[in-house]
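Following: one structure in structure tokens, then a few remarks.
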Amino acid sequence: MGVGATYLRRIERDANRHRFYRIEIVRGLFGDWDLVREWGRIGQAGRVRIDWHATEAAAEDARFALHMAKAKRGYQ
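This is the structure:
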């Protein structure tokens, strides 16, 4: 895992909802900072999205905003 990795889960047995959301900050090849997001159903391959940021601080701010948004939706 890279710098500042976060793994969140949301499990609602009554609704058969078993989801995960992983957020990781990694150093890019060209000196940038990449915010890697992966999400999906627990136990299965997830979808991946990569957002590029010029600084580590910008990537960390984006990670924190995503973490708070997911916490509001019930992820822990």
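Position in the sequence shown (first residue = 1) + 2 = our numbering.
Built from N, CA and C at the ideal position, the CB exists for glycine as well.
Here the structure is a predicted model, which is why all the values come from computation and not from measurement.
Residues near residue i in its chain [Cβ-Cβ closer than 8 Å; skip 5 each side]
i, result
"isoleucine 27", "Gly4, Val5, Gly6, Ala7, Trp35, Asp36, Leu37, Val38, Glu58, Ala61, Glu62 and Arg65"
"isoleucine 52", "Asp36, Leu37, Val38 and Arg39"
Which residues DSSP lists as bridging residue i, in chain order
i, result
"histidine 20", "Ile13"
"isoleucine 25", "Thr8 and Arg39"
Contacts around residue i, its chain only, beta-carbon distance under 7 Å, and the 5 residues preceding and following it disregarded
i, result
"histidine 20", "Ile13, Arg43 and Ile44"
"lysine 72", "Leu10 and Tyr23"
Extent of the continuous alpha helix (DSSP H) run through residue i
i, result
"aspartate 63", "58 to 74"
Any non-hydrogen atom of the ligand SAM within 7 Å of residue i CB
i, result
"alanine 60", "The ligand SAM is not among the ligands present in this structure, which contains no ligands whatsoever."
Sequence-distant residues of the same chain with beta carbon closer than 6 Å to residue i, five excluded per side
i, result
"glutamate 40", "Arg24, Gly48 and Val50"
Endpoints, beta strand (DSSP E) assigned at residue i
i, result
"aspartate 34", "First-last for aspartate 34: undefined, no H or E at that position."
"isoleucine 44", "Per DSSP, isoleucine 44 belongs to no beta strand (DSSP E) and is neither H nor E."
Integer Cβ distance of residue i from residue j, believed to fall under 8 Å
i, j, result
"glutamine 1", "leucine 31", "Past the boundaries of the shown model lies residue 1; the chain is included only from 3 to 78, so the question cannot be answered."
Residue burial classification, residue i (beta-carbon count within 10 angstroms, cutoff 16)
i, result
"lysine 74", "exposed"
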